[in-house]
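Colleague: Okay, so the sequence shown: first residue is 10 according to our numbering, each after it adds one.
All C-beta atoms, glycine included, are put in the ideal place defined by N, C-alpha and C.
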Amino acid sequence: MKRTFRPTKNSTPKSDWHPASLDPGDAPQAVREYLDTLDDAAFGAASPVEPKFTSHSDPASQWTGARGGPAYFAYSPNDLIDTDNGVILDVEATRSIRQAEVGSVRTMIDRILGLNRLRLRGPR
């Protein structure tokens, strides 16, 4: 008998997750707005790869084991910082996948493009 790994009882393998069976019209406005966010480039549309597991409480989160320990559902905070003045210029949270993080940097740069002397530097 093949045993299927399930990270928690509050998540579902992608093959068992059927969001089309839900009627967003029955949901409150906040839920409808949240579901619209899942199609944004920073979340569900960031990668053509189907996630292995989907969280019931937060389908936009990413199942990750990036820290080398047990895997968990997470987001990645991406900060655009003025290092000369020690000021956070913009923050964009994304799913924990590289494609989404690259897209978030482009989004943040577009939002603050009018600032002078913009230099980009990765994490130390």
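1. Go to Asp119, then tell me how far its beta strand (DSSP E) extends in each direction, as first and last residue.
2. I'd like the list of long-range same chain contacts for Asn87, defined as Cβ closer than 8 Å, with 5 residues on each side in sequence excluded.
3. Using the Cβ count rule (16 or more neighbours within 10 Å means buried), how would you classify Gln38?
4. Near Ala83, what residues of its chain come up, given a Cβ to Cβ distance below 7 Å and the 5 sequence neighbours on each side ignored?
5. Within a Cβ cutoff of 6 Å, which residues of the same chain sit near Ile97, ignoring the five residues on either side of it in sequence?
Modeller: Short version:
1. Counted as a single uninterrupted DSSP element, the stretch harbouring Asp119 is not any beta strand (DSSP E) but the alpha helix (DSSP H) occupying residues Arg107 to Arg120.
2. Counting only Cβ-Cβ distances below 8 Å, and skipping sequence neighbours, we find Val100, Glu101, Ala102, Thr103, Glu110, Ser113, Val114 and Met117.
3. It is exposed - the Cβ of Gln38 has fewer than 16 other Cβ atoms within 10 Å.
4. Ser70, Gln71, Thr73 and Ser105, listed in sequence order.
5. These residues qualify, in order along the chain: Asp88 and Ile90.
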